[in-house]
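In our numbering, the protein residues as written are 1 to 325. Below: the structure, in structure tokens.
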């Protein structure tokens with residue numbers, strides 16, 4: 001694990017920025033919490049000309065207070081800031097919809113501001129928690145790889161640092177971070193993992209499991225990146241819009257499954273959803289519904305996506321007409 005750079009050490013700050021090839025200006029996703037405030041301070045002292053962006057989902061009271069914290073921190077550090085109100089829309093999986101809307105707003109702002117990347121304040125503790133959450137969800141290799149350090153224009157430069165160390169940086173600022181009361185409510189799975197499961201596992205193992213899980217995730221992330229590249233090649237051959245079932249069926253199972261995952265895209269399908277999609281590929285069923293209200297069907301030898309519908313089992317005659325028997 002790495003320690004955050006000292007805010008007064010120009011050489012350490014420069015080395016921190018160079019590790020992820022960061023260049024000014026950057027967008028810093030800033031909730032007003034201690035992790036994102038620390039990131040904003042580090043980016044400012046590293047001369048990355050950060051623009052602090054607070055995204056208001058409009059889902060709870062007190063969001064204006066969070067925006068004020070971001071404004072105060074930005075003014076203290078002498079950087080620009082913006083607050084953006086977004087509409088997460090209606091439908092299932094509120095958390096996934098909010099995340100998608102948030103990153104979409106940040107991506108648009110990055111372009112508007114001419115910023116090079118979007119920085120987020122995720123730490124090694126977030127990685128470890130994500131690994132456990134994805135394990136309980138039944139995720140595959142990518143889920144066990146945790147949170148990617150870089151994903152397109154999104155960079156997470158604090159992933160090899162502990163939350164307690166990052167928050168120590170925030171405590172040096174003359175701004176009181178946002179204390180989100182929902183972070184202590186264990187009805188949310190991440191909070192339950194953070195406050196109950198992780199301490200129990202660490203106690204049982206006789207060691208702090210966060211560094212172990214974070215290192216495991218980093219190794220698996222490299223493996224996942226290679227498989228993703230191979231899966232993208234397969235999907236390109238099969239057709240990225242409506243993949244040809246024959247090409248997917250003839251490929252190695254692990255690669256075909258990963259190509260299907262890439263085809264669906266985020267929010268990534270669970271292993272259970274992938275199994276149902278594979279049943280469409282093999283011809284066991286002709287259509288299925290997966291999380292998010294997505295309908296996957298098979299027609300004329302190709303997979304198609306559309307509105308949700310109940311799964312339909314193929315008859316022997318239908319299966320023969322689809323060329324699966």
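Note that beta-carbon positions come from the ideal geometry of N, C-alpha and C, so glycine has one too. Values in this document were obtained by computation on a predicted structure and should not be read as measured data.
- Distance from the CA atom of residue 86 to the CA atom of residue 293, rounded to whole angstroms, is 22 Å.
- Residue range 50-56 is occupied by the beta strand (DSSP E) that includes residue 54.
- For residue 2, there is no enclosing beta strand (DSSP E), since its DSSP letter is neither H nor E.
- For residue 287, the uninterrupted beta strand (DSSP E) segment begins and ends at 285-290.
- In the structure shown, the three-state DSSP call for residue 118 is strand.
- Considered as a whole, the region 205-237 harbours no complete run of any alpha helix (DSSP H) with no fewer than 4 residues.
- Taking a cut-off of 8 Å on C-beta distances, the region 200-209 does not touch the region 230-242, as fewer than three cross pairs fall below it.
- Counting along the chain, residue 253 sits inside the alpha helix (DSSP H) bounded by residues 253-264.
- Where residue 26 is concerned, the enclosing beta strand (DSSP E) starts and stops at 26-29.
- By the neighbour-count definition (other C-beta atoms within 10 Å, threshold 16), residue 161 is a buried residue.
- Counting other Cβ atoms within 10 Å of its Cβ, residue 66 reaches 16 or more and is therefore classed as buried.
- The continuous beta strand (DSSP E) containing residue 85 extends over residues 80-85.
- Per DSSP, residue 308 lies in no alpha helix (DSSP H) segment and is marked neither H nor E.
- Cβ neighbours of residue 154 within its own chain (closer than 6 Å, five residues either side excluded): 118.
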